[in-house]
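Numbering (our numbering), first residue to last: 4 to 126. From the three backbone atoms N, C-alpha and C, an ideal C-beta is built for every residue, glycine too. No experiment lies behind these values; they were computed from the predicted model shown. This report refers to the structure that appears directly beneath it.
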């Protein structure tokens with residue numbers, strides 16, 4: 004299984020809203036950083052954040068625009084859409100960086116425009 008396959012499986016777990024499968028992709032002590040928000044490290048910080056995100060969502064889709072893999076890293080350009088229970092949809096244009104070792108995600112960074120997200124939430 005390639006690192007890209009692992010990231011694809013991770014994304015499928017998000018779309019299935021399967022928190023256990025999502026967390027199963029992380030190595031112990033992994034980090035998750037939604038830039039410009041604070042960095043989260045380890046399952047004790049990452050899991051509650053993801054659970055909160057998924058709790059408000061009816062459906063989640065990650066549209067892959069482009070992807071590249073090299074030296075234990077997978078970079079992807081995505082459009083992530085969270086269709087919320089309130090009827091609102093939040094659309095994130097994202098550049099993601101995944102670092103993998105031994106088939107597990109050791110670091111995940113997503114870069115996006117926070118001002119755009121804030122506008123969508125206010126609308």
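Original post:
Is there contact between the stretch 25–38 and the stretch 103–115, where contact requires at least three CB pairs shorter than 8 Å?
Top reply: Taking 8 Å as the limit for Cβ pairs, the verdict is that the stretch 103–115 does touch the stretch 25–38.
Original post:
alpha helix (DSSP H) containing residue 117: first to last residue?
Top reply: Boundaries of the alpha helix (DSSP H) harbouring residue 117: 117–125, taken from the DSSP string.
Original post:
Mind checking residue 79: buried by the 16 CB within 10 Å criterion, or exposed?
Top reply: Its Cβ being crowded by 16 or more others within 10 Å, residue 79 is buried.
Original post:
Is the stretch 74–91 in contact with the stretch 43–53, if contact means three or more CB pairs nearer than 8 Å?
Top reply: Of all C-beta pairs linking the stretch 74–91 to the stretch 43–53, fewer than three are shorter than 8 Å, placing the two stretches out of contact.
**OP:** Since I believe residue 86 is in contact with residue 119 (beta carbons under 8 Å), could you give me their beta-carbon distance rounded to a whole number of angstroms?
**Re:** That pair is no contact at about 17 Å.
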